[in-house]
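Undergrad: Take this structure first; my questions come after.
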Amino acid sequence: MAIDTAKIRSIMEQKLASAQSLQTEWEGKNEVMPPEVQNQVTALLGEFDSYKAQLDLATKTAAHDDYMNNPATTPASWRAAAPGEGDADVDPSSWREVEVKSVRMDSVYGIPIVETKAVRFHVPLAVQAKGYAPAFESYLRKGLGEMGPQDRKIIKPS
24 MAIDTAKIRS IMEQKLASAQ SLQTEWEGKN EVMPPEVQNQ VTALLGEFDS
74 YKAQLDLATK TAAHDDYMNN PATTPASWRA AAPGEGDADV DPSSWREVEV
124 KSVRMDSVYG IPIVETKAVR FHVPLAVQAK GYAPAFESYL RKGLGEMGPQ
174 DRKIIKPS
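Here the sequence shown stands for residues 24 to 181, numbered as in our numbering.
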């Protein structure tokens with residue numbers, strides 16, 4: 024059930040107009056506004072704030088509902104890729120394989136078990152063309168902090 028924001032706005036306008044008329048009535052006088060009138064104005068402004076919170080909540084809910092139910096982009100912005108578009112040349116010899124050793128604890132006996140796994144990775148042709156393959160492999164094996172200075176100089180631009 025949608026909240027009638029127009030009805031809430033009209034109620035808010037009535038509350039605000041009532042509060043303003045009570046204040047205006049006492050502005051021109053040289054008397055202090057009595058506490059009961061101050062309480063009436065405060066009550067009207069409190070009711071106004073309550074309706075304002077309802078209106079804000081309804082607005083936010085409608086915005087979230089709109090976000091969830093409407094696509095983020097227009098269908099005109101989508102297009103199918105052309106044949107071969109985005110395909111990168113892959114050299115079968117550019118795949119490398121590295122053995123990685125890991126240690127895990129046996130759940131039954133609590134002893135360490137060393138496992139060796141083969142990890143395959145692809146060295147892009149652009150990297151191969153510049154002769155970065157050994158440095159790239161070293162980076163994948165050890166990370167930037169554990170690489171040798173020459174490999175680090177090749178990988179990390181100065």
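The beta-carbon is built from N, C-alpha and C at its ideal position, and this holds for glycine as well.
Source: prediction; values computed, not measured.
Count the other CB atoms within 10 Å of the CB of SER161; is the residue buried (16 or more) or exposed (fewer)?
TA: buried
Undergrad: What is the DSSP secondary structure of GLU15, counted as helix, strand or coil?
TA: Outside the modelled stretch of the chain, which goes from 24 to 181, sits residue 15, for which no answer is possible.
Undergrad: Look at ILE31 and TYR74 and say whether their C-beta atoms are less than 8 Å apart.
TA: Contact flag set, yes.
Undergrad: On the criterion of 16 or more Cβ atoms from any shown chain inside 10 Å, does ASP88 qualify as buried, or is it exposed?
TA: exposed
Undergrad: Hey, out of ASN92, MET128, HIS145 and VAL60, whose CA is closest to SER116's CA?
TA: HIS145
Undergrad: Exposed or buried, which one is SER181 when buried takes at least 16 other CB atoms within 10 Å?
TA: Low local confidence applies: a pLDDT of 49 at SER181 is under 50, so the model's placement there is unreliable, with the coordinate-based value given in what follows. SER181 should be labelled exposed.
Undergrad: Drop a sphere of 10 angstroms on the beta-carbon of LEU67, count the other beta-carbons inside from all chains shown, and report buried for 16 or more, exposed for fewer.
TA: buried
Undergrad: Relative to the C-alpha of VAL64, which residue among LEU80, ALA42, PHE71 and LEU78 is closest?
TA: ALA42
Undergrad: With distances taken from CA atoms, which of ARG164, VAL131, GLU122 and SER130 is nearest GLU138?
TA: It is GLU122 whose Cα lies nearest to the Cα of GLU138.
Undergrad: Name the residue from GLU36, ASP174 and GLU169 whose alpha carbon lies nearest to the alpha carbon of PHE159.
TA: Minimum Cα distance to PHE159 is reached at ASP174.
Undergrad: Nearest CA to the CA of ARG119: which residue from PRO157, VAL131, TYR132 and ARG127?
TA: PRO157
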